[in-house]
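Here's the structure, in structure tokens; my notes come after.
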Ligand SMILES: Cc1cc2nc3c(=O)[nH]c(=O)nc-3n(C[C@H](O)[C@H](O)[C@H](O)COP(=O)(O)OP(=O)(O)OC[C@H]3O[C@@H](n4cnc5c(N)ncnc54)[C@H](O)[C@@H]3O)c2cc1C
Ligand code: SF4
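In my numbering, the protein residues as written are 31 to 546.
Shown next as structure tokens:
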């Protein structure tokens, strides 16, 4: 597929350096260099720049403006996602996992769900890695600051649309509390296009919020910069090294050489461990203990058209079973992505495609506290080698979640469901026949699970023996290296990770500002 060149960015990315701006190598210095402009990195860059620090923010991907987004999923994924959206973890199931390569990182293409984790999540962190002094109250001022800056608000009824409302009806009918999702959007039109980028400019992703604020406070922002390693002298980093790379094909060009007093790695939980290991880091937890929130969907098929493409991408969720590790959500994604999930061949498949206007995917995400994996360097490649195995205890929990999802679908008025599970009928027409989901001998490879929520590859711990960073995001190994991405989580957060990542980033930034 031939990709069109992006026009030179204009507002809101004024001041952002792009590939065309570089003549040769990029050599400069700053007080603090931040690697990665997603939720974890952009917050740190803005807060430190506003605290009067000389900050450089580096990002491998290009900036995207509203006019750059295309609805066709293949092209959109090719442009904005790592490995064109085909990245997957190998193990007892091949688990697709998506990470963005763009100014704004995952916030550019995510559903903008902002959820504060419950307090007991932090007890889990303390139990696993001895994390001290971190709880919902400690983080409350940081959540408040991030939410206020992004204008996080409840999804209003007017933009829910029939698909979301059916989910709500289904939850309420079976006695589950269903809440409108809080999101970082302003002026959402309910176009359901969050995954391919918000063409309406409503999503408050970090490229249009934190990054411009960082620039306004004096930060320098360079895109098309791939950081490969830290420059280390003794027990300290003296900067970062890398290459200038062409957007969309990653072809390396000039060298990048940035000296800095302080380095903050926020390249995401798949990339930060690779940078650390290339830099000679020895901590044994780097890249280990990868955690996912595996997600599974059941498609509800309704009698009449519900025009499921209308409405907020994800407008409601149900949190009643969070403690058991289950969160139910309504979902939407572009037709080409949904089509990969439809069963059947030939005319059967065509029939499902034709019922597209009557289909609604409802999904369950699982905390998966027993399953884990790893991220390592892939020989001969800059991409990570990702492994992940599902523990049967988590598969049993997922089966329970699927049973509840099925109940939600029927209670929402579905006339049939498409469970998407091997060894289970591909379409079920009666509620009582769906009990086979609860009774199934389900194993990981009977499911079609995917996960875009990934964490713990540089996990937080009180002692260096148990993890990579301390409670303030500082590397146990190197005094002036910090990490600010979801790799820091000490265990699964149970809820969507972006807001927690940003609250931690806000805390990390204030901690660094105090030290400088
Ligand atoms: C489709 C999708 C939907 C999602 N929906 C939600 C949601 O609604 N709510 C929610 O809470 N979470 C959601 N998530 C998850 C959420 O987006 C991520 O958890 C979040 O973006 C992680 O933030 P981060 O800063 O850790 O990493 P990232 O967002 O991945 O940012 C890392 C940045 O670093 C850059 N980078 C990587 N390597 C290098 C390098 N070597 N040199 C320079 N730069 C580099 C990357 O290009 C990227 O921009 C979703 C994710 C996806 C993919
Ligand atoms: S639902 Fe549509 S308008 Fe609303 S934030 Fe997502 S892409 Fe933008």
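No residue lacks a Cβ here, since even glycine has one placed at the ideal position from N, Cα and C.
Keep in mind it's a predicted model, so treat the numbers as computed, not measured.
Any chance you could list the residues with Cβ under 6 Å from a heavy atom of ligand 2, keeping chain order?
142, 215, 218, 219, 220, 221, 222, 223, 224, 228, 230, 232, 233, 342 and 343
Pairs of beta-carbons, one from the stretch 272-287 and one from the stretch 70-80, closer than 8 Å: are there three or more?
no
Given the structure, does residue 528 come close to ligand 1, in the sense that its CB is under 7 Å from one of the ligand's heavy atoms?
As a position in the chain shown, residue 528 is number 498, starting the count at 1. Under cutoff, so the answer is yes.
Contact between the stretch 222-238 and the stretch 459-477: three or more CB pairs below 8 Å?
With the cut-off at 8 Å, the stretch 222-238 and the stretch 459-477 do not touch.
Under a Cβ-count criterion, where at least 16 other Cβ atoms within 10 Å of its own Cβ denotes burial, should residue 150 be classed as buried or exposed?
Sequence index remark: in the chain shown, residue 150 carries index 120 (1-based). Residue 150 is exposed by the Cβ-count criterion.
Sorted by chain position, which residues of the same chain lie with C-beta nearer than 7 Å to residue 79's C-beta, five sequence neighbours on each side aside?
In the chain shown, counting from the first residue as 1, residue 79 sits at position 49. Closer than 7 Å at the Cβ level, and outside the excluded window around residue 79, lie 85, 244, 247, 248 and 249.
In angstroms, rounded to a whole number, what distance separates the CA positions of residue 356 and residue 100?
Within the chain shown, numbered from 1, the residue matching residue 356 stands at position 326. Within the chain shown, numbered from 1, the residue matching residue 100 stands at position 70. One C-alpha to the other measures close to 33 Å.
Would the beta-carbon of residue 163 fall within 8 Å of that of residue 189?
Residue 163 sits at position 133 when you count from the first residue of the chain shown. Residue 189 sits at position 159 when you count from the first residue of the chain shown. The answer is no: Cβ separation not under 8 Å.
In angstroms, rounded to a whole number, what distance separates the CA positions of residue 521 and residue 503?
For the purposes of this step, residue 521 is identified with residue 491 of the chain shown, where counting begins at 1. For the purposes of this step, residue 503 is identified with residue 473 of the chain shown, where counting begins at 1. Distance between the alpha carbons of residue 521 and residue 503: 15 Å.
Can residue 327 and residue 225 be called in contact, C-beta distance under 8 Å?
Residue 327 sits at position 297 when you count from the first residue of the chain shown. Residue 225 sits at position 195 when you count from the first residue of the chain shown. Cβ atoms of residue 327 and residue 225: not closer than 8 Å.
Would you grab the beta carbon distance between residue 450 and residue 427 for me? Rounded to a whole angstrom, and I think it's under 8 Å.
Your numbering for residue 450 matches position 420 in the chain shown. Your numbering for residue 427 matches position 397 in the chain shown. Contact flag wrong, Cβ pair sits at about 17 Å.
Between 206, 530 and 512, which lies nearest to residue 519 when the distance is taken from Cα to Cα?
Translated into positions along the chain shown, residue 519 becomes position 489. It is 530.
Given 7 Å as the limit, tell me if residue 13 has its C-beta closer than that to any heavy atom belonging to ligand 1.
Nothing about residue 13 can be reported from this structure: the residues present for the chain run from 31 to 546 only.
By Cβ distance below 6 Å, which residues in the same chain neighbour residue 43 in space, the five residues on each side in sequence not counted?
The residue given as residue 43 occupies position 13 in the chain shown. Cβ neighbours of residue 43 beyond the five flanking positions: 93.
Compare the beta carbon distance of residue 222 and residue 110 with 8 Å and say whether it is the shorter of the two.
As a first step, residue 222 must be located in the chain shown, where it is residue number 192. As a first step, residue 110 must be located in the chain shown, where it is residue number 80. No.
At a cut of 8 Å, does the stretch 452-466 reach the stretch 490-503 through at least three beta carbon pairs?
no
Would residue 115 and residue 66 be called neighbours here (beta carbons separated by less than 8 Å)?
Reading the chain shown from its first residue, position 85 is the one you call residue 115. Reading the chain shown from its first residue, position 36 is the one you call residue 66. Not in contact: residue 115 and residue 66 (Cβ atoms no closer than 8 Å).
Can you tell me which of the three DSSP states residue 508 falls into?
Translated into positions along the chain shown, residue 508 becomes position 478. Here residue 508 sits in coil by DSSP.
Distance cut-off 7 Å: residue 531 Cβ against heavy atoms of ligand 1:
In the chain shown, counting from the first residue as 1, residue 531 sits at position 501. Checking every heavy atom of ligand 1 against the Cβ of residue 531, one is found closer than 7 Å.
Start-to-end residues for the alpha helix (DSSP H) that takes in residue 365:
Against the chain shown, residue 365 aligns to sequence position 335. Element bounds for residue 365: 365-369.
Does the distance between the C-beta of residue 168 and the nearest non-hydrogen atom of ligand 1 fall short of 7 Å?
By one-based count along the chain shown, residue 168 stands at place 138. No, since every heavy atom of ligand 1 falls outside the 7 Å radius drawn around the Cβ of residue 168.
Taking only three categories from DSSP, how would you classify residue 74?
Position 44 of the chain shown, counted from the first residue, corresponds to residue 74. Residue 74 falls in the helix class under three-state DSSP.
Taking 8 Å as the cut-off, decide whether the C-beta atoms of residue 168 and residue 513 are in contact.
In the chain shown, residue 168 corresponds to position 138, counting from 1. In the chain shown, residue 513 corresponds to position 483, counting from 1. Not in contact: residue 168 and residue 513 (Cβ atoms no closer than 8 Å).
Keeping to the same chain, check which residues put their C-beta closer than 6 Å to that of residue 535; ignore five residues upstream and five downstream.
Here residue 535 refers to the residue found at position 505 of the chain shown. If we look at residue 535 and ignore the five residues flanking it on each side, its Cβ neighbours are 70, 73, 74 and 514.
Can you check which of these residues, 406, 447, 83 and 319, is closest to residue 484 by C-alpha distance?
Taking the chain shown and counting its residues from 1, one reaches residue 484 at position 454. The residue from 406, 447, 83 and 319 with its alpha-carbon nearest to that of residue 484 is 319.
Take every Cβ of the stretch 406-426, pair it with every Cβ of the stretch 340-352, and state whether three or more of those distances are shorter than 8 Å.
no
Can you find the residues in the same chain that come closer than 8 Å, C-beta to C-beta, to residue 35, ignoring five residues on each side of it along the sequence?
Here residue 35 corresponds to residue number 5 of the chain shown, with the count starting at 1. With a pLDDT of 47 at residue 35, under the threshold of 50, the modelled position of this residue cannot be trusted; read the value that follows with caution. The answer is none, since no qualifying residue turns up.
Residue 483 beta carbon near ligand 1 (any heavy atom closer than 7 Å)
For this step, residue 483 is matched to residue 453 along the chain shown. Correct: residue 483 has its Cβ closer than 7 Å to ligand 1.
With residue 166 and residue 179 assumed to form a contact (beta carbons below 8 Å), what rounded beta-carbon distance in angstroms separates them?
As a working note, residue 166 is residue 136 in the chain shown. As a working note, residue 179 is residue 149 in the chain shown. Actually they do not touch by this definition, with Cβ atoms about 19 Å apart.
Touch test, the stretch 431-447 against the stretch 361-378, Cβ-Cβ under 8 Å, three pairs minimum
no
Do residue 317 and residue 405 have their C-beta atoms closer together than 8 Å?
Here residue 317 refers to the residue found at position 287 when the chain shown is read from its first residue. Here residue 405 refers to the residue found at position 375 when the chain shown is read from its first residue. Yes; because the gap between Cβ atoms is below 8 Å, this pair is in contact.
For residue 55 and residue 285, which I take to be in contact (beta-carbon distance under 8 Å), what is that distance rounded to the nearest angstrom?
In the chain shown, counting from the first residue as 1, residue 55 sits at position 25. In the chain shown, counting from the first residue as 1, residue 285 sits at position 255. 5 Å between Cβ atoms; contact.
DSSP beta-bridge partners for residue 327?
The residue given as residue 327 occupies position 297 in the chain shown. Answer is 393, bridged to residue 327.
Determine, using beta-carbon pairs with one atom in the stretch 370-384 and one in the stretch 392-401, whether at least three such pairs fall under 8 Å.
no
Enumerated in chain order, which unbroken segments of the alpha helix (DSSP H) with a length of 4 residues or greater are wholly contained in the stretch 250-315?
302-308
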